[in-house]
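Data block below; observations after.
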């Protein structure tokens, strides 16, 4: 845990550029899906606005933006994801990182990778794990105006 905290403190000091999101219509069907394509997936509630832009931050620094859709979670272009994964036994995240590198979908901006295009992953939690480099609960980490995704879908 101490190693992870030191790593994040180092990341925060590097101050990545803030990510800007253009509010344009996006065809989610055209985005490549990374990670497991099937499996259990939390169903997007009917009342949830799938165009809601969410952000994932660490200690007040916004690292990534995205949105939750019926097909999965879209992490937007120019978002930052960690180069190293500190979570236990999560081969899936490492496989996604390898595939992103192979596809030239990420560029190095140590201690992060920066996405060169939008990507689609299985869930908000998978997206949060990629962004933060450790085990996360995406429904708590992805927020809109400070309100967690889990609170948004509960209302």
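Residue numbers (our numbering): 33 to 187.
No residue lacks a Cβ here, since even glycine has one placed at the ideal position from N, Cα and C.
Within 10 angstroms of its Cβ, does residue i collect 16 or more other Cβ (buried), or is it exposed?
| i | result |
| --- | --- |
| residue 77 | exposed |
| residue 87 | buried |
| residue 139 | exposed |
| residue 183 | exposed |
| residue 157 | buried |
| residue 106 | buried |
| residue 81 | exposed |
Who are the Cβ neighbours of residue i in its own chain at under 7 Å, not counting the five residues just before and after it?
| i | result |
| --- | --- |
| residue 109 | 147, 148, 149, 150 |
| residue 54 | Confidence is the limiting factor: at residue 54 the pLDDT is only 43, short of 50, which leaves the residue's position unreliable, though a coordinate-based value still follows. Once the five neighbours on either side are set aside, residue 54 has no close Cβ partner at all. |
| residue 178 | none |
So, for residue i: in the same chain, excluding its five sequence neighbours on each side, which residues have a beta-carbon less than 6 Å away from its beta-carbon?
| i | result |
| --- | --- |
| residue 65 | 152 |
| residue 114 | 165 |
Taking residue i and residue j to be in contact with their CB atoms under 8 Å, please state how far apart those CB atoms are, rounded to whole angstroms.
| i | j | result |
| --- | --- | --- |
| residue 176 | residue 84 | 5 Å |
For residue i, write down the residues that DSSP places opposite it in a beta bridge.
| i | result |
| --- | --- |
| residue 93 | 90 |
| residue 105 | 100, 153 |
Touching by the beta-carbon criterion (3+ pairs, under 8 Å), the region 85-102 and the region 160-177: By the criterion of at least three beta-carbon pairs nearer than 8 Å, the region 85-102 is in contact with the region 160-177.
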